[in-house]
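Heads up: the structure comes next, in structure tokens.
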Amino acid sequence: MVKYGADVIKICATGGVLSLTDSVGVQQYTEDEMRAIVETATQLDRRVAAHAHGSAGIKAAVRAGVTSIEHGSILDAEAVALMKQHGTWLVPTLLAGFTVESLATAGRLPPPIAAKSLAIAPRHRNSFKLAVDAGVKIALGTDAGVMKHGTNAREFGLMVRYGMTPMQAIVAGTSNGATLLGLERDVGTIAVGKYADLVAVRGDPIQTISTLEHVDFVMKGGAVFKRDGQVLGRSVAGVP
51 MVKYGADVIK ICATGGVLSL TDSVGVQQYT EDEMRAIVET ATQLDRRVAA HAHGSAGIKA
111 AVRAGVTSIE HGSILDAEAV ALMKQHGTWL VPTLLAGFTV ESLATAGRLP PPIAAKSLAI
171 APRHRNSFKL AVDAGVKIAL GTDAGVMKHG TNAREFGLMV RYGMTPMQAI VAGTSNGATL
231 LGLERDVGTI AVGKYADLVA VRGDPIQTIS TLEHVDFVMK GGAVFKRDGQ VLGRSVAGVP
């Protein structure tokens, strides 16, 4: 994977919601196997993210040294304590859970998948609140592809709905994400010497977090690609 350009190694420590046959909580790697993956990735200067729903798989992945737990749907006090002890990040992907739950409720998923999604959704939300209250490091992510592309900013609102303050959610989506990926020297905050990659919205997201779903201004590398809600052509933005 690294040979072909992978920046992060992702493994499936447990089963998933969208599969037809496996249990959502079943552990799919032994702890020793995950530790070997982490050790090899570390030698190649890569971080490891673990897709993990069930608590046993989460704990094994944390003990094995993964950088982040993706989803973390069935956390318990022991799992949270381990994450704190090891400095493991949580990427809760609440929007993925919300989307799949909505599809299941509408009868648009096969029965085995619908049953799993409806069972896991409330536990996912409770686990997120448990992690927030315990001070686990959290970064925003959405499990891209589960929901419509371009709607990822809805994650901010779900984070606030289920336990974060608006500022906590904004930090999760900016500086925390950069730190999780080891990119904090270049992105994540506005500072001299960092990339001029910026977005702006009308209004105050601290007061109304959904404001972040309507981006009016986009700058990438110092070139403006969107202004006043209008997408500009590359030539207008000054890009060859």
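When we follow this note's numbering, the leftmost residue of the sequence shown carries the number 51, and every step to the right adds one.
Where a beta carbon is used, it is the ideal one built from N, C-alpha and C, also for glycine.
Exercise for the section: Look up I124 in the DSSP assignment and say whether it is helix, strand or coil. Expected result: If you number the sequence shown from 1, residue 124 lands on position 74. For I124, the three-state secondary structure derived from DSSP is coil.
Problem - Cross-strand partners of T138 (DSSP beta bridge) - result: Indexing the sequence shown from 1 puts residue 138 at position 88. Looking at the DSSP assignment, T138 forms no beta bridge with any residue, so it has no partner.
Handout entry: Cβ-based burial, V242 [other Cβ within 10 Å; buried from 16]
Key = Stepping through the sequence shown from its first residue, residue 242 is reached at position 192. That one is exposed.
Problem - Where I170 falls: helix, strand or coil (DSSP) - result: Your numbering for residue 170 matches position 120 in the sequence shown. Here DSSP, grouped into helix, strand and coil, assigns I170 to helix.
Handout entry: Any 3 or more C-beta pairs closer than 8 angstroms across the segment 89–107 and the segment 146–159
Key = No contact exists between the segment 89–107 and the segment 146–159.
Problem - Three-state class that DSSP yields for T64 in the structure shown - result: In the sequence shown, counting from the first residue as 1, residue 64 sits at position 14. Under the three-state reduction of DSSP output, T64 falls in the strand class.
Handout entry: Residue range of the unbroken beta strand (DSSP E) whose run includes D266
Key = For the purposes of this step, residue 266 is identified with residue 216 of the sequence shown, where counting begins at 1. First-last of the beta strand (DSSP E) with D266: 265–270.
Practice task
Have a look at the DSSP bridge pairing and note the partners of F101.
Solution key: On the sequence shown, residue 101 is found 51 positions in, with the first residue counted as 1. Note that residue 101 corresponds to His in the displayed sequence, not to Phe. Its beta-bridge partners are C62, E120.
Practice task
Starting from L248, follow its DSSP beta bridges and name the residues at the other end.
Solution key: Here residue 248 refers to the residue found at position 198 when the sequence shown is read from its first residue. In the DSSP output, where bridge partners are listed per residue, L248 has M269.
Practice task
Would you mind sorting Q135 into buried or exposed? The rule is 16 or more other CB atoms within 10 Å of its CB.
Solution key: Here residue 135 is taken as the residue at index 85 of the sequence shown, counted from 1. That one is exposed.
Practice task
Using 10 angstroms around the beta-carbon of A146, count the other beta-carbons present and answer buried if the total reaches 16, otherwise exposed.
Solution key: The residue labelled residue 146 in the question sits at position 96 within the sequence shown. Under this definition A146 is a buried residue.
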